[in-house]
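Numbered by numbering that gives the first Met the number 0, the letters in the sequence shown go through residues 0 to 386 in order. We put the CB at the ideal spot given by N, CA and C, even for glycine. Model, not experiment: these values are computed from the prediction. Scroll down for the structure; my scribbles are underneath it.
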Amino acid sequence: MTHKRIRIGMVGGGDGAFIGAVHRIATRIDDGFELVAGALSSDPDRALASALRLGIDPERAYLSFATMAEQEKRREDGIQAVVIVTPNHMHFPVAKAFLEQGIHVICDKPVTKDLDEALALKALVEKSGAFFALTHNYTGYPLVRHAKHLVDTNVLGALRVIQVEYAQDWLTDPAENTDNKQAKWRTDPEKSGMAGCLGDIGTHAFNLACFISGQKVQQVSADLSAFVSGRRLDDNVHTMLRFDGGAKGMLWSSQVAPGNENGLKIRVYGEKAGVEWSQESPNELWLSVFGEPTQKITRAGHGAGEEANRLSRVPAGHPEGYLEGFANLYLDIAAAIDSIEAGADVKSVQGFIPNIDDGVDGMKFITAVLASSASNSTWQPLEAHGL
């Protein structure tokens, strides 16, 4: 059978943006998508120039996402899905506009700027029947999937300890006071929401811990800091975690840790074994069965499971990383959209793809962490927020 590429549009991601280009590369790696429309910037000149550089027909280079949603819905060749790569404060209004037109949504994280918006968006997703994916891209790495498999198949036994960290150093200085566009919006509560480092990378660490463990966080005790003078949002987060399956955990995320570039790491320990994975060495997973020598499992190597091998494109020893992990998520998203449009139920094709419920959980986590830190690190239940 001839596979038709899924027609997508993009909101945000124009010239000068970072993550939009990453999404575009990821959609092309497996040739499953075609970018045909865009509202790429709030600046009209940049929006048009960006679209032309990407080969988008000028007729489909929109100056308004609302106009784009309405006009694309009316076209016979209109987009099937929209990719949202704007700052956080625009996620909700953009997603709402496209969901109301019945168009599938692929949204960068965190899902919205606050929990109220996340809960409203969940209701819109359920009402629309459209597919919604949240791009927690680290869930797409082959050995992350294998770590999840080891937990799911009880190789580790009952989980006891989960430690996850995400450390960077790029905001060690007040970069928001320079022409650094990424730093400006990420430290601005009007655009980022009430969480800085917590929302930007802390949510990735939180999602990864839940994804691999299969457990949900029930309570948090947190201490947030804004170490850089004058910074309005947090740049360092310490959080203790209590999971519903009995595991206890710790989460550290920081953007003021000199020497750390993109230090996402996770360690999961059970009664029988433990696993350790680092994003900066993504082709290695360390498995330690109690009383036995530690084993290194490599991507596409001996010991990697079926799910990990499904997502490996090149032979063992050839590095795969960030872009391929993103592409793996898009590979599953393409399969999901194809299945849905062939008449399958949305829930039946979610698979490994982070969805609106994961987005709501992330916002409950942010809300509970903020509340805990504001009350001298008292334990806060996640389910007390948003009910």
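Give the range of the alpha helix (DSSP H) segment to which residue i is assigned.
| i | result |
| --- | --- |
| Asn206 | 202-212 |
| Gln181 | 180-185 |
| Gln70 | 64-73 |
| Lys190 | 188-191 |
| Tyr139 | Reading the sequence as shown, one finds Gly at residue 139 and not Tyr. That residue, Gly139, is in no alpha helix (DSSP H); it is neither H nor E in DSSP. |
| Lys126 | 114-127 |
On the criterion of 16 or more Cβ atoms from any shown chain inside 10 Å, does residue i qualify as buried, or is it exposed?
| i | result |
| --- | --- |
| Thr186 | buried |
| His22 | buried |
| Asn153 | exposed |
| Glu116 | buried |
| Asn176 | exposed |
| Thr26 | buried |
| Thr293 | exposed |
| Gly361 | buried |
| Glu279 | exposed |
| Phe289 | exposed |
| Arg230 | buried |
| Ala373 | exposed |
| Ser228 | exposed |
| Glu260 | exposed |
| Ala68 | buried |
| Gly262 | buried |
| Lys363 | buried |
| Val160 | exposed |
With a threshold of 8 Å on Cβ separation, who are the neighbours of residue i within its own chain once the five nearest residues in sequence on each side are excluded?
| i | result |
| --- | --- |
| Ala383 | Ala367 |
| Ile387 | With the chain covering only 0 through 386, there is no way to say anything about residue 387. |
| Asn375 | none |
| Arg241 | Val216, Gln217, Gln218, Val219, Lys247, Gly248, Trp378 |
| Ala20 | Gly12 |
| Phe17 | Gln181 |
Give me the Cα-Cα distance between residue i and residue j, rounded to the nearest whole angstrom.
| i | j | result |
| --- | --- | --- |
| Trp378 | Val219 | 5 Å |
| Leu207 | Leu149 | 15 Å |
| Ala225 | Gly195 | 9 Å |
| Pro380 | Gln217 | 6 Å |
| Met0 | Gly192 | Bear in mind that a pLDDT of 42 at Met0, under 50, signals an unreliable position, so the number given afterwards is only what the model happens to contain. C-alpha separation (whole angstroms): 46 Å. |
| Ile339 | Ala60 | 27 Å |
| Gly394 | Asn308 | No statement about residue 394 is possible, as the shown extent of the chain runs from 0 to 386 and does not include it. |
| Leu310 | Val274 | 20 Å |
| Leu142 | Glu71 | 38 Å |
| Thr66 | Leu286 | 51 Å |
| Ser371 | Asp222 | 7 Å |
| Leu98 | Ile336 | 14 Å |
| Gly77 | Gly8 | 9 Å |
| Ala343 | Asp331 | 15 Å |
| Glu75 | Gly198 | 38 Å |
| Leu62 | Asp243 | 46 Å |
| Ser212 | Asn282 | 20 Å |
| Trp251 | Ile200 | 10 Å |
| Ala303 | His145 | 7 Å |
| His88 | Glu291 | 49 Å |
| Glu164 | Ile265 | 6 Å |
| Arg52 | Ala326 | 22 Å |
| Ile365 | Lys295 | 34 Å |
| Asp14 | Tyr321 | 21 Å |
| Ser40 | His90 | 14 Å |
| Ala341 | Asp29 | 20 Å |
| Thr238 | Glu58 | 49 Å |
Leaving out five residues on either side along the sequence, give the residues of the same chain with a beta carbon under 6 Å from the beta carbon of residue i.
| i | result |
| --- | --- |
| Gly324 | Asn136, Gly139, Tyr140 |
| Leu133 | Cys106, Lys108, Val110, Pro353, Asp357, Gly358 |
| Pro403 | In the structure as shown, the chain begins at 0 and stops at 386. Residue 403 is therefore absent and cannot be evaluated. |
| Lys121 | Ile355, Val359 |
| Ala256 | Ala166, Asp168 |
| Asp113 | Gly192 |
Between which two residues does the beta strand (DSSP E) harbouring residue i extend?
| i | result |
| --- | --- |
| Met9 | 5-10 |
| Glu283 | 283-288 |
| Glu291 | Careful: Glu291 lies outside any beta strand (DSSP E) and carries neither H nor E. |
| Arg159 | 158-166 |
| Ile352 | First-last for Ile352: undefined, no H or E at that position. |
| Asp222 | 216-224 |
| Asn235 | 235-242 |
Closer than 7 Å by C-beta to residue i: which residues in its own chain qualify, once you throw out the five before and the five after it? Chain order, please.
| i | result |
| --- | --- |
| Lys406 | The requested residue 406 does not occur in the structure, where the chain is confined to residues 0 to 386. |
| Trp169 | Gln254 |
| Arg312 | Glu319, Glu323 |
| Gly31 | Arg4, Ile5, Tyr329, Leu330, Ala333 |
| Phe64 | Val10, Ala38, Val93, Ala96 |
Check your understanding: Below 8 Å, can you find three or more Cβ-Cβ pairs linking the stretch 266-285 to the stretch 154-162?
Key -> yes
**Study point:** the stretch 296-305 in contact with the stretch 314-321 per 3-pair CB rule at 8 Å
**Key:** yes
Practice item. Inspect the CB distances between the stretch 96-103 and the stretch 37-50 and report whether three or more fall short of 8 Å. Key: no
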